[in-house]
Amino acid sequence: MEKKDLPHDHGCRNEEQIMEHMPGEEAIAGVSEAMKQLGDPSRLRIFWLLCHCEECVLNIAAIVNMTSPAVSHHLRLLKSSGLIVSRREGKEMYYRTADTELAQVLHHTIEKLGRITCPESRD
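Here the sequence shown is numbered in UniProt numbering, starting from 1 and rising by one per residue.
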């Protein structure tokens with residue numbers, strides 16, 4: 001990143017170093033989108049559920065007490081942000097958390113901040 005002269009000097013000694021490491025908009029866009037999607041309580045619950053098991057829409061709807069169309073909407077948004085993946089088995093679609101570092105970190109962050117006990121792994 002190019003050196004910038006800031007309008008005010010507040011005595012911060014490491015501003016130049018911080019600016020050198022400031023992520024660009026493209027680098028942070030995926031994280032921003034994921035966090036935006038998890039800002040909705042219903043999507044957050046669905047994401048957390050899928051961190052622990054692979055489920056179909058009907059089972060997810062029953063677990064989170066929502067309609068199947070509402071769950072499908074949330075799943076579409078989570079999938080488009082790269083937080084979950086799906087697979088087809090016959091006529092049924094199954095969803096689970098994507099095997100990415102971002103999804104794993106968000107999962108652990110949710111549990112830590114929410115003081116939620118993690119059940120046994122889905123593996």
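Here a beta-carbon is modelled for each residue, glycine too, at the ideal position from N, C-alpha and C.
What would DSSP say about residue i, mapped onto helix, strand or coil?
| i | result |
| --- | --- |
| S86 | strand |
| H10 | coil |
According to the neighbour-count rule (16 or more other Cβ atoms, all chains shown, within 10 Å of its Cβ), is residue i buried or exposed?
| i | result |
| --- | --- |
| L6 | exposed |
| A29 | exposed |
| A34 | buried |
| L38 | buried |
| A70 | exposed |
| E55 | buried |
| L83 | buried |
| I18 | exposed |
| H74 | buried |
How big is the Cα-Cα spacing for residue i and residue j?
| i | j | result |
| --- | --- | --- |
| H107 | S80 | 17 Å |
| Y94 | L77 | 15 Å |
| P23 | R115 | 30 Å |
| K91 | K4 | 57 Å |
| E101 | E25 | 19 Å |
Taking a contact to mean a Cβ-Cβ separation below 8 Å, would you say residue i touches residue j in this structure?
| i | j | result |
| --- | --- | --- |
| R96 | V85 | yes |
| S32 | V64 | no |
| L44 | I60 | no |
| L58 | S68 | yes |
| P119 | H21 | no |
Problem - Contiguous beta strand (DSSP E) assignments of at least 3 residues, all confined to the UniProt domain "HTH arsR-type" (23 to 117) - result: 84 to 89 and 92 to 97
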